[in-house]
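Numbering (my numbering), first residue to last: 80 to 449.
The beta carbon of each residue, even a glycine, is placed where N, CA and C say it ideally should be.
What follows is a single structure, written as C-alpha cells, with notes after it.
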Amino acid sequence: MLAILLKKTKWLLVACCMSSVLAFAHDAQMGCGADCTCGCAMGYPCHCGDHSSNQVINNEMEYIEDSYTNADNYTEEDYRYYVEFMNSPWYTAGGSWEYPLCCGQTGVWFAEQPALFKPLMADPRQICYSVGWRFDDQVLHKNVIDVSFGDSLSLYEWTNFQIGSWCGRLRVEVEGALWACFSPCQESAPLLNADYYGGIPITFACDGWAFRLRAFHISSHIGDEFLLSHPRFKRLNPSAEYLDFFASHDFTNDIRIYGGIGWIVRQDETFHCSPFYAAAGAEVRLQSMGNIDWCNMLYGVPIFGMHFRFSKDYKRHVDATYVLGYEWGKLTGLGRKVRAYLEYHDGYSTEGQFCQRPTNYLSFRTSYSY
80 MLAILLKKTK WLLVACCMSS VLAFAHDAQM GCGADCTCGC AMGYPCHCGD HSSNQVINNE
140 MEYIEDSYTN ADNYTEEDYR YYVEFMNSPW YTAGGSWEYP LCCGQTGVWF AEQPALFKPL
200 MADPRQICYS VGWRFDDQVL HKNVIDVSFG DSLSLYEWTN FQIGSWCGRL RVEVEGALWA
260 CFSPCQESAP LLNADYYGGI PITFACDGWA FRLRAFHISS HIGDEFLLSH PRFKRLNPSA
320 EYLDFFASHD FTNDIRIYGG IGWIVRQDET FHCSPFYAAA GAEVRLQSMG NIDWCNMLYG
380 VPIFGMHFRF SKDYKRHVDA TYVLGYEWGK LTGLGRKVRA YLEYHDGYST EGQFCQRPTN
440 YLSFRTSYSY
C-alpha cells in the first residue's frame, strides 16, 4: 500500500508542477506593452503602431511577388530574407491569432502555427514521421527497417506572454508517437520492438530562444514473432514516466545549439534505469549553399546535426548520433520540412528493453516534421 501511495504521490507532484506553470501563465500574462496588440514573439518587431499586421504582411508579400517575377535575378540576401520572413511567427500566425487579440483575448485555441520548440534533428527519438534502413545494428539485426509516426496538437497558446523583459509565446500541446523496428530480410519481416509515446510539452519562445518543459510516458513492447523465435528471451517491462527540460538557441540562421536534463519519475521494477539523464547537440543549415524554386515555392539547404546523450547506464562512452543530408521546405504554411540524410549512431540502442546494450549502425533515413 505504501509503494502505491508513493507512486501516486510522484505523479501528483508532477501534475501540481504542470498546473502551477499554467496558472502562472494565466496570471502573469500581461502582454508586451500597451502599444503592442498584435504580438511580438521571438524577437520579431511589433507592427501594431501605424498599421495592422495584415498590412505588414501585404507589404512583405508585394516584395515577395516582385522577387517571384524577377526570379532569375534573386540574390543570396533575397533568399535569406524570404525564408526567414515566411518562417517568422508573426507572419504564419497572423490569420490564427490576430482576430482573437482584436476581441480582447490573450491567446488562441488550437493554433495552427509552426512549432515553438522544433524537433531535434539528430535525435533518434524526435517526434516526426520517418523511415530508415539500418545496416549492421549490433543489437537487433544486421538489416533493420525502423519507422516512426509522431505529431503534436497545440491546445492553447498565449501570444504575448511576458516574463520580466522577455516577450514571447507560450504554448501547451499534446504529443503522440510510435517507434517500431522490423527485420526485412527475414520471412514475414517480423516486428522486433515497438515503443509508444504520449506527452504534454509546455513550450516558450522568445528572441531566438526556445524552452520546453515536458512530462511524458513511454511503453515498450517486444514483437510476438521475435518472442516466438527466441523462446529463452526474458521479457521485461521498461515502461516509464519522465519529466525533462530543454533549451535551444539559434545563434544565426545557420546554427542552433540545445541542451537539457531529465528525470525518470516512475519506472517498472522489472527494468531499472538510472533516473537522471541529459542530452545536448547542435544543428547546422548551410543556407549559403541552399537553393530556391520560386515557381514551386520550395527551398532546400544542406544540413548537419549531432546529438549526444548522457546517463550512468552508458558506461563505455557517450551515446552519439550524427546526421548529414538535405532539407526541403515550403516557403509558405506551417514550416514542415522533408529531410533525407545519412545517420551514424555510436553508443547504445534506443529500442525499449535493449536500451542498455551498446551498438553502432549506419542508416539512410527520410523524415517529415517541423
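Selection from the options that minimises the alpha carbon distance to residue i
i      : options                        : result
VAL402 : LEU410, GLY408, TYR420         : TYR420
ILE242 : ILE279, CYS285, ARG213         : CYS285
VAL417 : SER446, VAL253, HIS424         : SER446
GLY211 : LEU195, ARG248, PRO263, VAL363 : PRO263
ASP347 : PHE283, SER299, GLY247         : SER299
GLY404 : PRO198, GLY384, LYS394         : GLY384
ASP425 : TYR393, GLU406, PRO280         : TYR393
TRP373 : VAL397, GLY408, THR349, THR400 : GLY408
TYR449 : GLN184, ALA190, MET200         : MET200
THR185 : ASP225, PHE240, THR429         : PHE240
ARG335 : TYR321, ASN316, ALA361         : ALA361
LEU195 : VAL218, ILE224, ILE281         : ILE281
TRP288 : GLY278, TYR337, PRO198, VAL380 : TYR337
VAL380 : GLU422, MET368, ALA190         : MET368
7 Å Cβ shell around residue i - same chain, five flanking residues per side excluded
i      : result
GLY256 : Position check: residue 256 holds Ala in this sequence, whereas Gly was assumed. The answer, listed in chain order, is ILE206, SER227, PHE228, GLY229, TYR276.
ASP333 : VAL363, ARG364, LEU365, GLN366
PRO354 : TRP342, ILE343
SER318 : ILE297, SER298, SER299, ASP347
ILE301 : ASN272, ARG314, GLN432
Rounded separation between residue i and residue j - CA only
i      : j      : result
TYR440 : ASN370 : 31 Å
ARG314 : GLU266 : 23 Å
CYS352 : ASP202 : 19 Å
ARG250 : THR411 : 21 Å
LEU306 : GLY414 : 41 Å
LEU365 : ASP329 : 14 Å
ALA268 : ASN222 : 11 Å
SER442 : SER244 : 44 Å
ASP303 : SER428 : 20 Å
ASN316 : ASP274 : 11 Å
PHE214 : GLY247 : 43 Å
THR438 : PHE350 : 19 Å
TYR208 : GLN192 : 18 Å
Residue-chain proximity (residue i, chain C), Cβ-Cβ < 7 Å
i      : result
GLU266 : Checking the listed chains, one finds no chain C in this structure; it contains a single protein chain.
Residues of its chain near residue i, where Cβ-Cβ distance is below 6 Å and the 5 sequence neighbours each way are ignored
i      : result
ALA326 : PHE290
TRP188 : TYR235
ASP25  : Because the chain is modelled from 80 through 449, residue 25 falls outside the range shown and cannot be assessed.
ILE452 : Here the chain comprises residues numbered 80 to 449, so residue 452 is not present and cannot be evaluated.
Same chain only: Cβ atoms within 8 Å of residue i, ignoring 5 sequence neighbours per side
i      : result
HIS220 : SER262, CYS264, GLN265, LEU271
GLY339 : ARG291, ASP323, PHE324, PHE325, ALA326, ALA357, ALA358, ALA359
MET376 : LYS409, LEU410, THR411
Worksheet entry | Cβ contact check for the stretch 422-434 and the stretch 236-254: 3 or more pairs under 8 Å | The stretch 422-434 is not in contact with the stretch 236-254.
Fill in: the stretch 306-313 / the stretch 286-295 touching (three or more Cβ pairs under 8 Å)
No: the two stretches stay apart, fewer than three of their Cβ pairs being nearer than 8 Å.
Worksheet item: Could you give the uninterrupted runs of the beta strand (DSSP E) lying entirely in the stretch 361-419, keeping only those of 3 residues or more?
Response: Segments of the beta strand (DSSP E) lying fully in the stretch 361-419: 370-372, 377-390, 398-409.
Worksheet item: What are the complete beta strand (DSSP E) segments, minimum 3 residues, inside the stretch 323-349?
Response: Along the length of the stretch 323-349, whole beta strand (DSSP E) runs at least 3 residues long occupy 334-346, reported in chain order.
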